[in-house]
Each structure stands twice: as structure tokens, then as C-alpha cells.
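Here's the structure we're looking at; comments come further down.
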Amino acid sequence: DQPLVNAKRIIPFTSVNKYSGAVFAGYTLLLGAPEMILRSQLKACQEEFARYPEEGYRVLAFAKYPAELADEKERLTQEVEVLGYVLLSNPIRKEAKETFAYFAKQGVEIKVISGDNPVTVSRVAGQAGIAGAEKSRAQTIKPGEYEQAMAEYNVLAG
């Protein structure tokens with residue numbers, strides 16, 4: 020039996036960082052978007068989890084950062100040790116397809132806007148029966164591009 024280790028502080032999730040963490044003596048444990056935590060290591064690690072977004076899972080990276088982060092504003096500057104991945108799924112409600120089909124019959128165009136992984140969002144939108152879900156936009160939309168993006172895509176994610 021090892022004694023419990025108490026965190027010095029918690030790094031809250033922000034939509035900018037897309038991760039949260041717990042700071043311990045000399046290191047920080049992080050949980051969040053792989054692209055934000057792994058950064059330059061992403062390409063090398065992606066093979067380990069690349070198939071899961073295609074299956075509709077949201078993938079989170081769990082990693083050890085070799086320094087104590089002061090707060091959520093401090094940027095990650097060192098490589099992390101990947102400890103594992105967490106797969107999340109959000110089952111689609113039984114009535115979702117029927118509901119979206121009803122709206123489509125009424126001439127309502129459904130748009131999905133999400134900050135999650137574009138592949139995952141497209142896959143889940145497709146499973147829910149949203150037309151055009153396979154055609155998604157993953158880049159950040161700049162002011163002045165909103166109308167064109169909304170006209171061209173039914174899924175805007177990333």
C-alpha cells in the first residue's frame with residue numbers, strides 16, 4: 020500500500036487549452052484533447068488511437084507533463100509521457116434519427132457546430148441521420164467566412 024498523494028492544485032479545463040490537469044510535486048497530470056497535449060508528439064502517437072474517432076469515439080490523452088504548471092494560462096513547452104487514452108462515447112438517443120428526418124421533411128437544414136474532433140463529430144452526426152455529415156469543415160472559421168461555411172458544410176468542428 021502506497022500513501023495517497025494530494026494534488027497541489029487543479030488546472031481547470033478551458034476551451035483554449037482543451038485539457039485539464041492536476042499538479043503534483045515536480046509534475047502535472049493532464050487529460051484532454053490529444054492535439055493539445057501531445058503537440059509535436061501527435062503524429063508519432065496518432066497510430067495508437069486513430070481508428071477510434073472513425074468509430075464515433077471521442078479520444079482523450081492522459082499524460083504526465085514533467086513540470087508543475089502554474090495555472091491554465093501557462094503553455095506546455097516540454098514533451099509529455101503518454102500514460103494512456105480515454106475513449107468516450109455519447110450514445111445517440113433512439114428518437115434522434117426520427118427527429119432529424121422530421122425536420123428534413125419540413126425543409127429545416129441541420130447544422131452541427133462542435134469543438135470536438137471533426138472525424139468524431141462527422142461520424143456521430145452521420146449515425147444520427149444528419150444529411151451531409153460526411154462533408155465537414157475542420158479549420159477555424161474567420162470573421163467574414165461564416166456565411167460561406169454555413170452554406171457549404173453541415174458539420175463544423177475542431
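Counting in this note's numbering, the sequence shown runs from 20 upward without gaps.
Beta carbons: idealized from backbone N, C-alpha and C, even for Gly.
As the structure is a prediction and not an experimental result, all values here were calculated from the model.
Compare the C-alpha of Lys130 against each of Arg112, Glu153, Glu114 and Ser108 and name the closest.
Indexing the sequence shown from 1 puts residue 130 at position 111. Per the Cα distances, Glu153.
Inspect the beta-carbon positions of Ile30 and Thr47 and report whether they are closer than 8 Å.
Position 11 of the sequence shown, counted from the first residue, corresponds to residue 30. Position 28 of the sequence shown, counted from the first residue, corresponds to residue 47. Yes. Within cutoff.
Which same chain residues, not among the five before or five after Ser59, have their C-beta less than 8 Å away from its C-beta?
Walking along the sequence shown from the start, residue 59 turns up at place 40. Only Glu98 meet the Cβ criterion.
Look at the alpha carbon of Pro53 and the alpha carbon of Leu79, and state the distance between them as a whole number of angstroms.
For the purposes of this step, residue 53 is taken as the residue at position 34 of the sequence shown. For the purposes of this step, residue 79 is taken as the residue at position 60 of the sequence shown. Going by the C-alpha atoms only, they are around 6 Å apart.
Please list, in chain order, all residues of the same chain as Gly145 whose beta carbon is under 7 Å from its beta carbon, the five residues on each side excluded.
Residue numbering aside, residue 145 sits at position 126 when the sequence shown is read from its first letter. Within the same chain, Gly145 has close Cβ partners Ala152 and Glu153.
I need the straight-line Cα distance from Lys83 to Val101, nearest angstrom please.
Here residue 83 is taken as the residue at index 64 of the sequence shown, counted from 1. Here residue 101 is taken as the residue at index 82 of the sequence shown, counted from 1. Rounded to whole angstroms, Lys83 to Val101 spans 6 Å at the Cα level.
For Leu88 and Glu171, what's the separation of their Cα atoms in angstroms?
Position 69 of the sequence shown, counted from the first residue, corresponds to residue 88. Position 152 of the sequence shown, counted from the first residue, corresponds to residue 171. Cα to Cα, the separation comes out at about 41 Å.
Between the beta-carbon of Gly51 and the beta-carbon of Ser34, is there less than 8 Å?
Within the sequence shown, numbered from 1, the residue matching residue 51 stands at position 32. Within the sequence shown, numbered from 1, the residue matching residue 34 stands at position 15. No, the Cβ-Cβ distance between Gly51 and Ser34 is not below 8 Å.
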